[in-house]
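In the numbering used here, the protein residues as written are 88 to 198.
For every residue, glycine included, the Cβ atom is placed at its ideal position computed from N, Cα and C.
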DNA sequence: AGCCTGACCTAGG
DNA sequence: TCCTAGGCCAGGC
């Protein structure tokens, strides 16, 4: 596994329960060169990985569950988020800004 | 090797 | 304010 993937997984694993972040935020945290698409690609690969990655806490910048179809089931992602106390309506996270978890702030302290 | 695609984002018209 | 185009990198064919 490449370093990039590992770094992405590390960041995603830092997301606390009931919080969410965006692909772009993670991408920026790693440096814009990586690109937000790579984060999504890494999430896709995370299904195969033996390490647990809470990919359901990562959404696009609008707070929309663009990756729900990749969870195998149809409402698995939505269910997981709801079980963590996040309100999801019509594939959209309510109060996204409220639940938003900024990698910059946390990683500044953690790393 | 080249082309197409993808769980994205930003900028310009 | 909505729509289009471009940029980014990795993988499949």
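Would you call the CB atoms of residue i and residue j closer than 8 Å?
{"i": "residue 102", "j": "residue 144", "result": "yes"}
{"i": "residue 150", "j": "residue 183", "result": "yes"}
{"i": "residue 181", "j": "residue 171", "result": "no"}
{"i": "residue 110", "j": "residue 138", "result": "no"}
{"i": "residue 153", "j": "residue 163", "result": "no"}
For a test of the three-state rule: what should DSSP assign to residue i, helix, strand or coil?
{"i": "residue 99", "result": "helix"}
{"i": "residue 173", "result": "coil"}
{"i": "residue 109", "result": "strand"}
{"i": "residue 125", "result": "helix"}
If we count the other Cβ atoms within 10 Å of its Cβ and call it buried at 16 or more, is residue i buried or exposed?
{"i": "residue 159", "result": "exposed"}
If contacts are defined as beta-carbon pairs under 8 Å, then residue i and residue j qualify, I think. What distance do you get, rounded to the angstrom?
{"i": "residue 126", "j": "residue 186", "result": "Contact doesn't hold; Cβ gap of about 18 Å is too wide."}
(Q) Taking 8 Å as the cut-off, does the stretch 119-128 touch the stretch 160-177 (at least 3 CB pairs, one atom from each stretch)? (A) Segment contact: the stretch 160-177 against the stretch 119-128, fewer than three CB-CB distances shorter than 8 Å; contact not assigned.
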